[in-house]
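In order, the protein sequence lines correspond to chains A and B. Anchor point for the first sequence: position 209 equals 304 in the numbering used here, and the numbering is continuous, going up by one each time. Anchor point for the second sequence: position 383 equals 1263 in the numbering used here, and the numbering is continuous, going up by one each time.
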Amino acid sequence: MRQFTFRHLFNKVRGGVVSPITLRDMGILGMNARNIHYIARYNDRRKFPTVDDKLNTKRAAGHAGIPVPELIRAFEAPASRKRVMAVIEPLWQFVVKPARGSGGKGILVIAGRNGDRYRKTSGVEIEVLDILRHVNNIHSGLYSLGGKPDRVMIEALVDFDPIFQNYSFEGVPDIRVIVFRGFPVMAMLRCSTHASDGKANLHQGAVGVGIDLATGKSSHAVQRGLRIHRHPDTEFPFDQLQVPGWRDLLHLAASCYEMTGLGYLGCDIVLDRERGPLLLEANARPGLAIQVANGVGLRRHLHCIEGLAPEKLGMRVGERVNFSMRTFAADQ
Amino acid sequence: MSPRVQVYIIAVLLALIGAGLTAYKHFELGFPLLPGEYRTVWTIEAKVGFVAEGGPVKAALTLPREQRNMEILGETFSSSGFGFYIARENDDYRALWSRRLAEGSQSLFYQLDVYQRPGAPLAQPLDLSTQVQKPFLGAREQEAVRLAIYALVEQAREHSSDVESFTTQLLIELNNKDNQDRNLIFRHYADSSLVDVALLILATADIPAHRIRGLYLEDDRRRLAPEDLLEANDGKRWIVFEPTTGMPGVPENFFIWQRGGKSLLDLEGGHNSQVTFSVIANDVPARDVSMRSTSRDGEALVDFSIYSLPIEQQSIFKLILLVPVGALVVVLLRVFVGLRTSGTFMPVLLAIAFIETQLLTGLAIFTLILILGLWVRFYLSRLNLLLVSRIAAVVVTVVIIMAAISVISYKLGIEQALTVTFFPMIILAWTIERMSIVWEEDGPYEVVVQAGGSLLVAILAWWVMTNRYVEHWTFNFPELLLLLLALILVVGNYTGYRFSELMRFRPLVK
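Below you can see the structure in the form of structure tokens.
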């Protein structure tokens, strides 16, 4: 767990500020502009339930033929101890998550077992009672917005592609792709670190790796806003990183546009060893850290799509992916 | 029309309505824009004293009429043992006291509060008679007096061009003790006053004129006799003259009690009657004056407002009306600065609690409860409780902590800590619950950031909300809320960078 240090706070403030004009010239998208120009304009509120509830996302993905991690069981109503036990008893690895959790809150990943004890990805062992309590907390709405009662999902743990073994520490790396009107516009890989406690949130110390849309290769990497070239725990250099099956992954991300109907979308994708890219979740309000990870502003890419002729917007998924790979290649 | 344009149109309309109503209230109804403005309200008391002769008694006192430069805010009558009513006949406005049997000296009181409106013109009554009754200066009058009067008129006429200058000249001469004609006349009319004589001469000169009775308003004056002014008509309008100087115009601070008409007091069944006045100046908050003067007229803006509520509810509203201001602070800090707080409007509720507890006490109590609560909450989480019962347990714990703080501090003699009760308990419980989740999921650093951010916003909101100008404006000009709403709408359209983003995206620039 990260401790609070005044040095960290001091460093944050010490560097001063940059002028808003510079940021604008670099085409960096701010939170206010994102909310008004993109989320409010392109994301129909009536379509939010599809993405805000992961069970709904799974169902919609099933209709659209988009692969997702296997759902083992969902508990709609508060479940008895017996029923939960019956589900997790035969399992070796699984993930417990709230259907409406936000920001990755309330996700419990069990990576292995040691007799009656369950091992988290960080290596900490917990008892079955802890899992039952976690299930109960989710049902009571501890992790959902406004404390509304929530549903519990028990999902199969993704057997993630060994290519990422060297780039992730105590956690599952995932790839976030921003899809604007069906066109992938920017992508990053989020690798957990020791400092981030196995979590893939950049503000908690995870590494953000910008991925070149044209090739699937790493183009830039940052941790806590500072550029790095090697993973802080595994010491592997990022310039050798290449996401396998990149075009398929972008294809999957782009097809989420048809699935959700949302114009401005963040798709979180994991790479399974056997099944390839799987959609973990979709986000109607994706954050802006992807710009820091890529070292590039989003605005120019978004403007490019907004300026397209109407008939181009009707392109099929494959054509859109081709267009994005051609247009948004990182300059190296 | 794009939503953006709609927002601006609505904002402009709201701002115009808000500013317009405020301006109307300020300029027309006299509500002060700044707090702490005081106006002088004069309390005038008329005392009617007489000796009753043992039979039926009837006393009629002419009352002052509404006038544009002086506003009558309220009146009270005291008439122990007397029947009382107000009669209104032919523009006359008289208080009538009556009693079947009365003996000995009697006192009747009439009191009124008057506010002098700065710069307002004197009302011109159009219905006063301009008929002139020529005085009879015949055989019974001495020849010398008649000639003296004619001489004065002739002299004034020579030195003047119109009625106004004529009257001024005449009054100057009547005050000139070296003028033989004037001395002759005054010797003849020994028990007449200056104004009586002036009226007589004006009538001789065929100029309609009458007397104005009134008072000079000066603080702390007792047993004042009414003073007289002169009013003459120049064919088109009435002009007021101050008799001793002859200057036209109503003197400052002169309160007109009676204009034209008959006597000030009529008494039947008594003698030795006299009317005396006493005057006191009170400095009253300007708002109260406006309130009193407008509520009498049933002004809609005031009548259908929170002022019509009972005082107790008004004081609650005083606090509620500050909430939008606090909300604006939150909006500004989140949109322009990008401060992270736990819960959107939790800081406003905290700020309201701070208003009641004072800032430092409030901060100390809040931090204490938060730390103790978090500590208890962490222990509770080890007990494997269900969420609902855990939050309930936190609520109960918070109540116990609050009670303990109150009792202990009271025993120690720290009275301020008793204000702990002003903290909304459920807010404290929820804050503790949220903070403990943040602690578990994101670590203590995030707790410090969020709690610190919330407290910072709460302190800023408190600072703005306790500003005496803000307090004054929100309560006295609730229509300014429309202006505030317009501002919030416009801010909601801001698409520029937040201050925190200037730091956050700094690495991108290098």
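Virtual Cβ for every residue (Gly too), placed ideally from N, Cα, C.
Within 10 Å of its beta-carbon, does residue i have 16 or more other beta-carbons around it, so buried, or fewer, so exposed?
i, result
"Val219/A", "exposed"
"Lys294/A", "buried"
"Thr152/A", "buried"
"Ser239/A", "buried"
"Val324/A", "A small fix is needed here, since residue 324/A is His in this sequence, not Val. Exposed, by the Cβ-count rule."
"Lys905/B", "buried"
"Lys1198/B", "exposed"
"Met1315/B", "buried"
"Tyr133/A", "buried"
"Gln98/A", "At Gln98/A, the pLDDT of 48 sits below 50, so the modelled position is not reliable; the number obtained from the coordinates is stated separately. Counting Cβ neighbours within 10 Å, Gln98/A comes out exposed, since fewer than 16 surround it."
"Leu1189/B", "exposed"
"Lys1057/B", "exposed"
"Gln427/A", "Residue placement at Gln427/A is flagged as unreliable, the pLDDT there being 45, under the threshold of 50; a coordinate-derived value is accordingly withheld."
"Pro1227/B", "buried"
My output table needs one value for residue i: the three-state DSSP class, helix, strand or coil.
i, result
"Asn209/A", "strand"
"Gly361/A", "strand"
"Arg884/B", "helix"
"Val1130/B", "coil"
"Ala309/A", "coil"
"Phe264/A", "coil"
"Thr288/A", "coil"
"Asp993/B", "strand"
"Thr1125/B", "coil"
"Phe259/A", "helix"
"Arg1067/B", "helix"
"His187/A", "Looking at the sequence provided, one finds Trp at residue 187/A rather than His. In the structure shown, Trp187/A sits in coil (DSSP, three-state: anything other than H, G, I, E or B)."
"Val1120/B", "strand"
"Pro1165/B", "strand"
"Met1383/B", "helix"
"Tyr904/B", "helix"
"Met126/A", "helix"
"Val219/A", "coil"
"Lys153/A", "helix"
"Tyr965/B", "strand"
"Asn232/A", "helix"
"Glu1038/B", "helix"
Which one of the options has the shortest CA to CA distance from residue i?
i, options, result
"Ile889/B", "Leu1054/B, Leu1369/B and Trp1255/B", "Leu1369/B"
"Phe1357/B", "Leu901/B, Gln886/B, Ser1045/B and Thr1124/B", "Leu901/B"
"Leu914/B", "Ile924/B, Ala903/B and Thr1311/B", "Ala903/B"
"Val267/A", "Ala156/A, Ala206/A, Val387/A and Leu166/A", "Ala206/A"
"Arg228/A", "Pro185/A, Asp269/A, Tyr262/A and Val179/A", "Val179/A"
"Pro193/A", "Met248/A, Ala316/A and Asn231/A", "Met248/A"
"His234/A", "Arg395/A, Leu224/A, Ile226/A and Asp245/A", "Asp245/A"
"Arg1093/B", "Glu1351/B, Val1155/B, Phe1385/B and Leu1213/B", "Val1155/B"
"Pro164/A", "Ala251/A, Cys399/A and Val223/A", "Ala251/A"
"Lys1142/B", "Tyr1290/B, His1090/B and Arg1378/B", "His1090/B"
"Ala1309/B", "Ala1272/B, Trp922/B, Gly1332/B and Gly1333/B", "Ala1272/B"
"Glu1098/B", "Asn1113/B, Phe1135/B, Gly1115/B and Thr1125/B", "Phe1135/B"
"Ala174/A", "Leu1266/B, Ala1331/B, Leu1248/B and Ala939/B", "Leu1266/B"
"Leu1361/B", "Glu1023/B, Gly929/B, Gln1060/B and Val1205/B", "Val1205/B"
"Pro339/A", "Tyr359/A, Ser313/A, His326/A and Leu360/A", "Ser313/A"
"Ile385/A", "Arg129/A, Met354/A and Phe170/A", "Arg129/A"
Bridge partners of residue i, per DSSP?
i, result
"Gly898/B", "Per DSSP, none; premise fails for Gly898/B."
"His1392/B", "Limits of chain B in this structure are 881 at one end and 1390 at the other, which puts residue 1392/B out of reach."
"Leu1095/B", "Phe1135/B"
"Leu1254/B", "According to DSSP, which records beta bridges pairwise, Leu1254/B is partnered with nothing at all."
"Met248/A", "Ala169/A and Lys192/A"
"Pro944/B", "DSSP output for Pro944/B lists no bridge partner at all."
"Phe278/A", "Phe275/A"
Taking the alpha-carbon positions, what's the residue i to residue j distance?
i, j, result
"Ile123/A", "Val1371/B", "20 Å"
"Ser882/B", "Arg136/A", "11 Å"
"Asp1108/B", "Ser1040/B", "24 Å"
"Ile306/A", "Gln335/A", "12 Å"
"Phe1302/B", "Leu1243/B", "13 Å"
"Arg884/B", "Glu1313/B", "39 Å"
"Phe264/A", "Gly201/A", "20 Å"
"Gly1333/B", "Leu1219/B", "6 Å"
Report yes or no: is there a C-beta of chain E within less than 8 Å of the C-beta of residue i?
i, result
"Ala128/A", "The structure shown has no chain E; the protein chains it does contain are A and B."
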